């Protein structure tokens with residue numbers, strides 16, 4: 001857990017709860033309370049609407065019916081924070097190295113997500129819990145295709161878990177809320193391919209599984225030490 | 236245990252910052268030579284690491300370096316990576332006959348640097364409490 005001081009520092013950097021709630025509300029409005037991948041309607045919102053007065057309808061005004069799919073959804077960053085821990089143990093701003101590496105992927109892309117811009121609607125999408133985990137682990141990725149705001153969503157998961165993929169989705173647009181950034185989704189897609197093709201994804205899966213199984217010890221292995229340190233950081 | 240690759244990390248951090256300001260190639264021919272040299276160096280060590288998988292390590296370090304270059308989204312981004320790569324290896328971008336023998340450790344150092352400063356924090360951010368925006372409780 002983070003100390004109170006660290007939480008304050010993180011808020012200073014990452015945005016206040018109010019800002020994050022505003023971002024969340026804007027993205028849910030833009031994405032019509034549906035996971036952009038599964039198109040399932042937000043279960044929490046559906047419950048609220050069913051308990052309200054009158055007919056429960058979705059964001060298009062169509063009745064919510066029992067043949068719809070309902071899942072709990074999260075609004076998640078496309079590219080999350082670059083937090084690091086300073087040598088004295090405090091949570092710190094992103095290292096310059098991380099920004100420079102980002103620019104080696106796509107020159108100038110770092111500006112899109114520096115400081116408060118991190119929390120702009122173009123860096124967030126609505127995902128079901130299941131799809132968020134897959135997206136966050138770079139197991140699914142979005143490739144831009146025509147027409148605008150349309151993506152071919154692919155998967156690196158085993159075929160039995162990938163029956164939905166590949167799938168093409170045209171994202172909802174909203175007159176006053178920015179759509180998800182094609183450039184940031186492309187960056188996510190590039191990272192996903194690098195992790196998968198180099199075997200890093202499998203490596204991290206294995207270490208995370210070992211951690212969940214309680215099997216990880218500091219055994220002098222450099223990478224393992226780094227991973228444990230990072231994992232402790234993000235708890 | 237602090238292998239040479241690990242000691243290399245702080246100097247790489249300075250180097251990557253330095254490379255961000257460097258003008259690079261005189262012409263397209265120079266750039267093509269640098270890319271050919273990059274591929275020759277990386278594929279040499281990638282083949283060795285593929286043949287001799289490191290115990291417990293599922294990922295291929297030279298492949299990680301190669302893929303980072305290949306998936307860069309513009310030639311300007313690729314050029315920055317090339318500048319960083321050759322300076323980290325302390326060889327000329329235009330040396331067509333570089334001795335590969337000593338380049339293993341600095342190459343692995345680049346892979347470790349990318350892992351530590353970019354790929355691991357990216358991947359593990361899924362576990363971070365702030366990777367998710369705060370939920371609104373259902374009524």
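Chains as they are written, first to last, in this note's numbering: chain A, 1 to 235; chain B, 236 to 374. The beta-carbon is built from N, C-alpha and C at its ideal position, and this holds for glycine as well. Everything numeric in this text was worked out from a predicted model, so none of it was measured.
> In chain order, what residues of the same chain lie with their CB nearer than 7 Å to the CB of residue 167 of chain A, ignoring the 5 residues before and after it?
Replying inline: Closer than 7 Å at the Cβ level, and outside the excluded window around residue 167 of chain A, lie 153.
- Residue range of the beta strand (DSSP E) that residue 126 of chain A falls in? For residue 126 of chain A, the enclosing beta strand (DSSP E) begins and ends at 124-128.
Next item on the list: Select from the stretch 303-315 of chain B all residues with a C-beta closer than 7 Å to any C-beta belonging to chain A, and list them in chain order.
Entry: For the stretch 303-315 of chain B, residues whose beta-carbon sits nearer than 7 Å to a beta-carbon of chain A comprise 303, 306, 307, 308, 309, 311, 312, 315.
**OP:** Please classify residue 86 of chain A: does DSSP put it in a helix, a strand, or coil?
**Re:** Low confidence applies to residue 86 of chain A: its pLDDT is 49, below 50, so where it sits in the model is not reliable, and the reading given next is rough at best. The answer is coil: DSSP assigns residue 86 of chain A none of H, G, I, E or B.
Name the two residues that bound the continuous beta strand (DSSP E) containing residue 169 of chain A. Per DSSP, residue 169 of chain A belongs to the beta strand (DSSP E) from 167-170.
> Name the DSSP beta bridge partners of residue 41 of chain A, please?
Replying inline: Residue 41 of chain A is bridged to A:34, A:70.
Which of helix, strand or coil does DSSP assign to residue 240 of chain B? Because residue 240 of chain B sits at a pLDDT of 45, beneath the cut-off of 50, its placement in the model cannot be relied upon, and the point is left open.
Residues bridged to residue 144 of chain A by DSSP?
For residue 144 of chain A, which the question treats as bridged, DSSP gives the partners A:151.
Legend entry - Extent of the continuous alpha helix (DSSP H) to which residue 297 of chain B belongs: Residues 296-305.
Neighbour list for residue 260 of chain B in chain A, Cβ cutoff strictly below 9 Å | Annotation: residue 260 of chain B has no Cβ neighbours in chain A at a cutoff of 9 Å; minimum Cβ distance is about 15 Å.
*asked:* Please tell me whether residue 64 of chain A and residue 46 of chain A are closer than 7 Å, where the distance is taken between their beta carbons.
replied: Yes.
Three Cβ pairs or more, each shorter than 8 Å: is that satisfied between the stretch 162-178 of chain A and the stretch 96-105 of chain A?
Short answer: they don't touch.
Partners in chain A for residue 298 of chain B, counting only beta-carbon separations shorter than 8 Å: For a Cβ distance threshold of 8 Å, residue set 197, 198, 199 of chain A lies close to residue 298 of chain B, ordered along the chain.
Does any residue of chain B bring its CB to less than 7 Å from the CB of residue 105 of chain A?
Yes, residue 105 of chain A counts as interfacial toward chain B.
Practice item. Please confirm if residue 320 of chain B has its CB atom under 7 Å from at least one CB of chain A. Key: Closer than 7 Å: no.
### Task
Would you list the residues sitting across from residue 63 of chain A in a DSSP beta bridge?
For residue 63 of chain A, DSSP records a beta bridge to A:57.
Worksheet item: Along chain A, in chain order, which residues have C-beta atoms closer than 8 Å to that of residue 349 of chain B?
Response: Correct list: 101.
Is it a yes or a no for the stretch 130-141 of chain A touching the stretch 193-207 of chain A, going by three-plus beta-carbon pairs under 8 Å?
Contact holds: three or more Cβ-Cβ distances are below 8 Å.
- Query: Which full runs of the alpha helix (DSSP H) of 4+ residues lie inside the stretch 337-362 of chain B, going along the chain?
  - Reply: Complete alpha helix (DSSP H) runs here, min 4: 339-349, 355-359.
(Q) Please state the DSSP three-state secondary structure of residue 110 of chain A. (A) Three-state DSSP puts residue 110 of chain A in a helix.
Within chain A, partners of residue 354 of chain B - CB distance below 8 Å
Chain-order list of chain A residues neighbouring residue 354 of chain B: 191, 194, 195, 200, by C-beta distance under 8 Å.
* Would you decide whether residue 357 of chain B is buried or exposed? Buried here means 16 or more other CB atoms lie within 10 Å of its CB. => In the assembly as shown, residue 357 of chain B is a buried residue. Its beta-carbon has 16 or more other beta-carbons within 10 Å.
Contact residues within the stretch 126-140 of chain A, judged by C-beta distance below 8 Å to chain B: With the criterion set as a beta carbon lying under 8 Å from some beta carbon of chain B, the members of the stretch 126-140 of chain A are 132, 133, 136, 137, 138, in sequence order.
query: Roughly how many whole angstroms lie between the Cα atoms of residue 185 of chain A and residue 127 of chain A?
result: Rounded to whole angstroms, residue 185 of chain A to residue 127 of chain A spans 14 Å at the Cα level.
Listed in chain order, which residues of the stretch 143-157 of chain A have Cβ atoms closer than 7 Å to some Cβ of chain B? So the list is empty, because no residue satisfies the distance condition.
Self-check item: Within chain B, the residues that residue 206 of chain A reaches when beta carbons sit closer than 7 Å
Solution: Per Cβ cutoff of 7 Å: 293.
*What residues of chain B sit near residue 70 of chain A, judged by a beta carbon separation below 9 Å?*
For residue 70 of chain A, no chain B residue has a Cβ inside 9 Å of its Cβ, as the nearest lies near 12 Å away.
Query - Cα-Cα separation, residue 112 of chain A to residue 105 of chain A - result: The straight-line gap from Cα to Cα measures roughly 13 Å.
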